[in-house]
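There are 2 protein chains.
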Amino acid sequence: MTPRPGARQRLLDAAEELFASGGFAGTPVDAVLARAGVAPATLYAHFGSKTGLQAAALAARLRRWDDVWSAAVAAAPDDRARLLAVFDALDAFGTGGTPSRWCAFLDAAAGAPADDGTAVAALAEDTALLRGRLRELAAPVAGEDAAELAEHLLVVVTGALAMALRTDPARATAQGRATAAALVDRWR
Amino acid sequence: MTPRPGARQRLLDAAEELFASGGFAGTPVDAVLARAGVAPATLYAHFGSKTGLQAAALAARLRRWDDVWSAAVAAAPDDRARLLAVFDALDAFGTGGTPSRWCAFLDAAAGAPADDGTAVAALAEDTALLRGRLRELAAPVAGEDAAELAEHLLVVVTGALAMALRTDPARATAQGRATAAALVDRWR
DNA sequence: GTCTATAGTAGGATAGAC
DNA sequence: GTCTATCCTACTATAGAC
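For the protein sequence lines, the chains are A and B, in the order given. Its first residue numbered 1, the first sequence is counted upward by one per residue in UniProt numbering. Its first residue numbered 1, the second sequence is counted upward by one per residue in UniProt numbering.
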């Protein structure tokens, strides 16, 4: 790793941290520029707009989330733990950087002006990743009902992310894990 | 009901509809004024600020939600249906006005600048209402485990609200109901 | 209480030099 | 590619008349 990453990478890092903690709409471009130590024109040369930067930052975040989740699954001892590892991953993902009150993908879709396809597409990718992997991991536990169980867990994971707004994030993931466990145990 | 409500009420109605559909941050004051047919100064005379208007609109919305939910509970035939009636209420609440992609209370808290106590307080009231009534309704079904079941259902209801961003709201509530039913049936 | 008109400001984006 | 400096729009809020 070079001592100081290029402007593009610094912008992505700054955007991911600030958007995740303060929300996309609530984070001015100036704040990202200041944190990255970069001039306005550089941002627009690379990403075209604030929304373009958001899209790139979300794509990077999705890859990172994918990695963290994979690692959590690999570390789990059995099928049941692998299925519930998504909550370990959420804990690890949250404490990895700036503490985020809220899921960046849901935030992006919630704040988008309804005609902005960028944020919706990013959330769709996140949803597809969650649904797909939950189905794979549910198969050894629920067999033919894997798809059904995966849909239940998708609701619970999404609920845990949103519960971070109602209570503190640590409690939110803990409760989500408990609820998911109660569901999974129906198929034991 | 008078033919044309006063400016204050028209502002509240317009704010509730527009904030719910387009989000608080994404809805300019001008849009609320145009829909209400009211001049800027009138808004500030009544509510002091855009945030003040939001607070009043959220309070009105919470009362309306309380009523809709109560009605749905009253219409349910048995204990299990009364506990799951929250999803009927969500369907009825959504179709009542402008179709909202998203929960106004969660939106308010997600979009708030983190130091704004107004939105956080409104979300806390909403959370308290949900948790409290879910516990009452869970008692006949789960007995001593009512509090535990209520926490599970709080996650699922919150998840259903957030799932409205991932998919269409009707599917979100339907899936939420299914997940909640699976949980409730653990206590049968 | 309500209006018309306007002030003040913040945020997103660009022009042009190096 | 990057910087300095600046423009322009859109928004919140207010002043003053009726």
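Glycine residues also receive a C-beta, built at the ideal position from the N, C-alpha and C atoms. Just so we're clear, the structure is a prediction, and the values are computed from it rather than from any experiment.
CB of residue i within 8 Å of CB of residue j, strictly
{"i": "residue 154 of chain B", "j": "residue 123 of chain B", "result": "no"}
{"i": "residue 20 of chain B", "j": "residue 90 of chain B", "result": "no"}
{"i": "residue 11 of chain B", "j": "residue 53 of chain B", "result": "yes"}
{"i": "residue 57 of chain A", "j": "residue 15 of chain A", "result": "yes"}
{"i": "residue 128 of chain A", "j": "residue 119 of chain A", "result": "no"}
{"i": "residue 96 of chain B", "j": "residue 169 of chain B", "result": "no"}
{"i": "residue 86 of chain B", "j": "residue 157 of chain B", "result": "yes"}
{"i": "residue 164 of chain A", "j": "residue 174 of chain A", "result": "no"}
{"i": "residue 26 of chain B", "j": "residue 113 of chain A", "result": "yes"}
{"i": "residue 51 of chain A", "j": "residue 116 of chain A", "result": "yes"}
{"i": "residue 35 of chain A", "j": "residue 104 of chain A", "result": "no"}
{"i": "residue 68 of chain B", "j": "residue 92 of chain B", "result": "yes"}
{"i": "residue 162 of chain A", "j": "residue 162 of chain B", "result": "yes"}
{"i": "residue 145 of chain A", "j": "residue 102 of chain A", "result": "no"}
{"i": "residue 134 of chain A", "j": "residue 150 of chain A", "result": "yes"}
{"i": "residue 7 of chain B", "j": "residue 38 of chain B", "result": "yes"}
Listed by chain order, chain A residues near residue i by CB distance under 8 Å
{"i": "residue 179 of chain B", "result": "151, 152, 155, 156, 183"}
CB contact check: residue i to chain B, cutoff 8 Å
{"i": "residue 127 of chain A", "result": "yes"}
{"i": "residue 63 of chain A", "result": "no"}
{"i": "residue 82 of chain A", "result": "no"}
{"i": "residue 18 of chain A", "result": "no"}
{"i": "residue 117 of chain A", "result": "no"}
{"i": "residue 110 of chain A", "result": "yes"}
{"i": "residue 132 of chain A", "result": "no"}
Proximal residues of chain A, C-beta to C-beta of residue i below 7 Å
{"i": "residue 113 of chain B", "result": "26"}
{"i": "residue 54 of chain B", "result": "Simply none; closest approach about 14 Å."}
{"i": "residue 186 of chain B", "result": "182, 186"}
Per-residue DSSP class, three states only, for residue i
{"i": "residue 65 of chain A", "result": "helix"}
{"i": "residue 105 of chain A", "result": "helix"}
{"i": "residue 88 of chain A", "result": "helix"}
{"i": "residue 254 of chain B", "result": "It is not possible to answer for residue 254 of chain B, since the shown part of chain B is limited to 1 through 188."}
{"i": "residue 135 of chain A", "result": "helix"}
{"i": "residue 5 of chain B", "result": "coil"}
{"i": "residue 98 of chain A", "result": "coil"}
{"i": "residue 39 of chain A", "result": "coil"}
{"i": "residue 49 of chain A", "result": "coil"}
{"i": "residue 188 of chain A", "result": "coil"}
{"i": "residue 116 of chain B", "result": "coil"}
{"i": "residue 170 of chain A", "result": "helix"}
{"i": "residue 24 of chain A", "result": "coil"}
{"i": "residue 78 of chain A", "result": "coil"}
Test: residue i CB closer than 8 Å to a CB of chain A
{"i": "residue 146 of chain B", "result": "no"}
{"i": "residue 107 of chain B", "result": "yes"}
{"i": "residue 69 of chain B", "result": "no"}
{"i": "residue 10 of chain B", "result": "no"}
{"i": "residue 166 of chain B", "result": "yes"}
{"i": "residue 22 of chain B", "result": "yes"}
Interface partners of residue i on chain B, CB under 7 Å
{"i": "residue 162 of chain A", "result": "106, 158, 159, 161, 162"}
Cross-chain neighbours of residue i in chain B, by beta carbon under 8 Å
{"i": "residue 33 of chain A", "result": "In chain order: nothing, as chain B lies at least about 19 Å away."}
Neighbour list for residue i in chain B, Cβ cutoff strictly below 9 Å
{"i": "residue 123 of chain A", "result": "165, 166"}
Proximal residues of chain A, C-beta to C-beta of residue i below 9 Å
{"i": "residue 176 of chain B", "result": "155, 159"}
Check your understanding: Is the region 27-35 of chain B touching the region 168-180 of chain A in the sense that three or more CB pairs, one from each, lie closer than 8 Å?
Key -> Short answer: they don't touch.
Review point. Three or more beta-carbon pairs under 8 Å between the region 75-88 of chain B and the region 133-146 of chain A, yes or no?
Key: Judged by Cβ distances under 8 Å, the region 75-88 of chain B makes no contact with the region 133-146 of chain A, as fewer than three pairs qualify.
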